[in-house]
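For the sequence shown, the numbering used here assigns the number 5 to the initial residue and increments by one for each residue that follows.
What follows is one structure encoded as structure tokens, with my remarks underneath.
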Amino acid sequence: MAGLKKKEQREEMLSFECNTNLLKDKRGGLTFDFIYNISAEKKFIKVTYVLKDKEMYKNGDYDQMLKLLSDSENKLVKVIFTYKGDKIEAFEIDLNSLSSVFKDDRFLKLELMGWGFISEKEHLDEYENRSSSNTENSDEIKITEA
């Protein structure tokens, strides 16, 4: 069939940093924000993971993982884009890469909840609002382009 486009996976290594002034996801998620250039246009991608094993929230693993992620300066993680033609159909972090970066297998126990694009204005507004919040539970991941 002539009109069907084949899906293609592309991998990129992106650097990331953790901004501990940002509000922690109270639902127990780890939300990563990527800034990525696609066809010379800056795109903002948000992806959220949760722990597959709910016991990990109770036994302190979640908080320990947040602490590890707060020391993410100059680290690279592999991300996988699935394209259909020029359109991104799926996006995820390679959990083996994330686990390897921190030498911690607990990162293999993450489950993708969802992902999507946000506008630059939404991205900037969200970080300005969260950065100005003074809460004692303040951890979230910000991932930036390499």
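Idealized CB from N, CA, C, for every residue including glycine.
A straight-line Cα-Cα distance of about 11 angstroms links Phe121 and Tyr40.
Residue pairing by DSSP puts Arg14 in a beta bridge opposite Phe85. Put simply, of Lys11, Ser103 and Ile92 the residue whose alpha carbon is nearest the alpha carbon of Met69 is Ser103. A direct Cα-Cα distance of roughly 24 angstroms separates Phe48 from Lys71.
Rounded to the nearest whole angstrom, the CA to CA distance from Ile84 to Leu34 is 17 angstroms. Within the DSSP secondary-structure output, Leu55 pairs in a beta bridge with Leu114.
Put simply, of Thr86, Leu114, Lys46 and Lys107 the residue whose alpha carbon is nearest the alpha carbon of Lys79 is Lys107. Val51 is positioned such that its CB atom lies no closer than 7 angstroms to that of Gly32. When secondary structure is reduced to three states using DSSP, Leu80 falls in the strand class. In this structure, the straight-line span from the alpha carbon of Asp67 to that of Met60 is close to 9 angstroms.
Counting along the chain, Asn41 sits inside no alpha helix (DSSP H); it lies in the beta strand (DSSP E) bounded by residues Leu34 to Ile42.
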